[in-house]
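Down below is the structure, laid out as structure tokens.
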Amino acid sequence: MISSASTSSISVSQLQRQVRAQQEEIARLHRLMEKKEAEWEAAKAALFEQFRLAIERQFGPSTEKYRVEQGDLLINEAEVAVDEEEDAATAGDANAEETAAESRQPAKRRTRGGRLALPPELPRVEVVHELPEDTRRCAEDGTELKVIGEEISEELHVVPARVEVIRHVRRKYACPACEEGVQIAPPPAKLLPKSNASATLLAYIATAKYQDALPLYRQSQIFARHGAEIPRNTLARWMVQAGQRMAPLIEALRRHLLQAPLIHMDETTLQVNAEPERKASSTSYMWLQRGGPPGQQVVLFDYDASRAGRVPVRLLGDYAGRLVTDGYEGYAEVVRKNGITHAGCWAHARRKFVEAQKVQPRGKTGKADWALNQIRKLYAVERQARALAPEARQALRDQKSRPLITQLRTWLDKSLTQVLPKSTLGRALHYLEGQWQRLTRFLDDGLIPLDNNPAENAIRPFVVGRKNWLFSHTPSGAQASAAIYSLIETARANGLSPYEYLQFVFETLPALSDDDLDTLLPWQWKETLPV
């Protein structure tokens with residue numbers, strides 16, 4: 213009997229353990245199902261946001277402007293999110309009311325229908341309109357009429373492009389007695405000695421393609437209409453050769469750039485069809501650097517098949533100043549190696565919150581609106597500081613920008629725990645968190661700007677042109693394009709006409725030695741121009 217009771221007792225305890233284990237397994241499965249359902253709902257919401265954002269990109273306006281909501285809704289949301297102290301909240305309300313009052317001011321209306329005055333620097337051709345001889349006497353007594361004034365009106369006149377041929381006639385001289393020692397004037401120095409392209413023609417073609425995004429095949433058609441048959445492959449060969457001849461000047465510009473206290477960098481994609489050991493569809497890159505003081509700006513394009521960190525290492529050499537970029541981590545190697553001060557771009561951070569704002573319901577404000585409002589205030593401070601010296605700019609930032617950054621940091625820490633990471637807003641928050649150290653470096657250095665827009669503005673003409681000419685055929689063509697883009701954008705950055713500057717360079721470079729290349733720098737040439 214004892215043995216039977218013991219066996220029965222053991223069986224019951226085992227059964228109880230099995231029941232508890234099954235209950236725990238069922239509970240675990242329920243928790244797993246709830247977790248999977250939550251993950252599915254989050255993924256579904258993220259996909260829906262991406263769909264709405266794709267629709268907005270396809271059919272919405274292509275602008276980064278964002279909605280600015282008026283009233284106290286933004287301000288109340290900011291106070292709730294940050295949980296500020298009462299006095300800080302009061303100060304925030306005062307600033308907000310001032311901002312809202314400014315936003316309610318009626319905007320200045322632009323006069324419509326007004327005709328812009330024709331630029332005074334354009335050449336004028338006067339056409340004088342006289343009365344007929346028989347009407348220049350008084351109808352009453354026949355006295356000859358005198359000029360008492362004039363009425364002037366101007367109209368814009370365009371002289372169509374004209375293709376002409378310049379004949380270089382080099383006369384030969386010889387002694388008529390001995391018929392020895394024939395002499396002839398040396399040929400004029402040419403950028404492309406074996407071609408029949410003048411410096412003016414090369415500058416015209418380069419400006420049309422690289423500044424006006426006019427592909428070479430269209431230029432060939434235009435020349436044909438004017439009676440000059442120039443095949444597209446000939447135009448392409450001229451551009452490649454011209455770009456290669458610019459290499460010494462590009463290096464002179466690079467030496468000047470690397471002396472700048474701050475450099476902007478960016479990169480964009482490029483397709484090169486005939487590149488060794490690579491498919492025609494492979495993605496290559498055009499890299500951009502920009503820097504220098506006002507009036508001596510340098511913009512350099514460089515082609516490379518890679519986007520790896522070794523490219524900034526090659527381009528920057530031993531540069532150890534300040535570097536402003538977007539959030540791409542490929543710059544980390546050169547920053548670490550050279551001890552560079554690396555700053556981020558608030559325009560990129562703002563762009564992600566603009567996307568988050570686009571997918572939120574219309575008429576409702578949320579965290580994206582608050583972040584954009586705070587970033588807008590940072591840019592307002594920068595507008596005030598634009599004309600200041602670096603020391604005064606930093607002092608103004610300490611006074612006005614640093615409190616904004618402190619509020620933004622507090623709000624960010626709280627929001628990160630409240631928003632799904634894979635949502636559009638979550639990605640914006642995590643980008644801001646990941647770039648925070650770089651984004652706030654401008655507070656401690658008056659030379660560091662708020663964003664990388666100078667680089668983006670300089671690379672935009674290349675992106676626009678790429679939509680028309682689509683690709684480069686060879687790496688040498690891409691490198692030549694980079695050289696010519698560099699000269700055009702450097703001229704534009706210094707307020708010069710790209711066509712006139714290219715014409716000057718193409719005419720002057722063949723007769724110069726490497727020691728005289730500095731005379732070709734845009735700001736050196738600008739000083740020689742008539743005022």
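Residue numbers (this note's numbering): 213 to 743. Ideal Cβ positions, reconstructed from N, Cα and C, are used throughout, including at glycine. Predicted, not measured: the structure shown is a model, and the values here were computed from it.
So, with DSSP's three-state summary, where would you put residue i?
i: E594; result: helix
i: M458; result: coil
i: H560; result: helix
i: I475; result: strand
i: I587; result: helix
i: H242; result: helix
i: T652; result: coil
i: L659; result: coil
i: H554; result: strand
i: V675; result: helix
i: E289; result: Only weak support exists for where E289 lies, its pLDDT of 39 falling under 50; the value from the coordinates is given anyway. E289 falls in the helix class under three-state DSSP.
i: K612; result: helix
i: S684; result: strand
i: T481; result: strand
i: E356; result: strand
i: Y429; result: helix
i: D728; result: helix
i: K549; result: helix
i: Q282; result: The pLDDT assigned to Q282 is 43, lower than 50, so where the model puts this residue is not dependable; a value taken from the coordinates is nonetheless given after this. Three-state result, Q282: coil.
i: Y711; result: helix
i: Y531; result: coil
i: K579; result: helix
i: I378; result: coil
i: R383; result: coil
Taking all protein chains shown into account, do 16 or more other C-beta atoms lie within 10 angstroms of the C-beta of residue i, making it buried, or fewer, making it exposed?
i: V224; result: exposed
i: I475; result: buried
i: Q586; result: buried
i: C557; result: buried
i: A544; result: exposed
i: S725; result: exposed
i: P734; result: buried
i: Y515; result: buried
i: A306; result: Low confidence applies here, because A306 scores a pLDDT of 41, under 50, leaving its location unreliable and the question unanswered by this model.
i: S365; result: exposed
i: L470; result: buried
i: M477; result: buried
i: Q226; result: exposed
i: Y385; result: exposed
i: K579; result: buried
i: E236; result: exposed
i: D730; result: exposed
Below 8 Å on the Cβ atoms is my contact criterion, and I expect residue i with residue j to pass it. Report the Cβ-Cβ distance as a whole number of Å.
i: G542; j: G521; result: 5 Å
i: V546; j: V525; result: 5 Å
i: L461; j: W499; result: Not really, about 18 Å apart at Cβ, beyond 8 Å.
i: Q647; j: A561; result: 6 Å
i: L403; j: F718; result: 5 Å
i: L721; j: R467; result: So it is not a contact: roughly 17 Å between Cβ atoms.
i: A670; j: E701; result: 5 Å
i: A592; j: L608; result: So it is not a contact: roughly 11 Å between Cβ atoms.
i: T206; j: A486; result: Outside the shown range of the chain, which is 213 to 743, sits residue 206, and nothing can be said about it.
i: P473; j: L659; result: 6 Å
Taking the continuous alpha helix (DSSP H) assigned at residue i, which residues delimit it?
i: G646; result: T636 to G646
i: T740; result: P734 to T740
i: R526; result: R522 to L528
i: Q423; result: Looking at the DSSP string, Q423 is not in any alpha helix (DSSP H), and its letter there is neither H nor E.
i: L413; result: A411 to A418
Grab the span of the beta strand (DSSP E) containing residue i for me, first residue to last.
i: L500; result: T495 to G503
i: V511; result: V510 to D516
i: V536; result: R534 to V536
Quick check: the segment 347-359 against the segment 389-400, are at least 3 beta-carbon pairs closer than 8 Å? no
Per the contact definition of three or more C-beta pairs closer than 8 Å, is the segment 483-501 in contact with the segment 639-656? no
Cβ pair count under 8 Å reaching 3, the segment 673-690 against the segment 480-487: yes
Mind the definition here: the segment 415-429 touches the segment 437-455 only if three or more C-beta pairs lie below 8 Å; say whether that holds. yes
Contact between the segment 378-386 and the segment 698-712 is defined here as three or more beta-carbon pairs at a separation below 8 Å; is this criterion met? no
Cβ contact check for the segment 617-625 and the segment 677-686: 3 or more pairs under 8 Å: no
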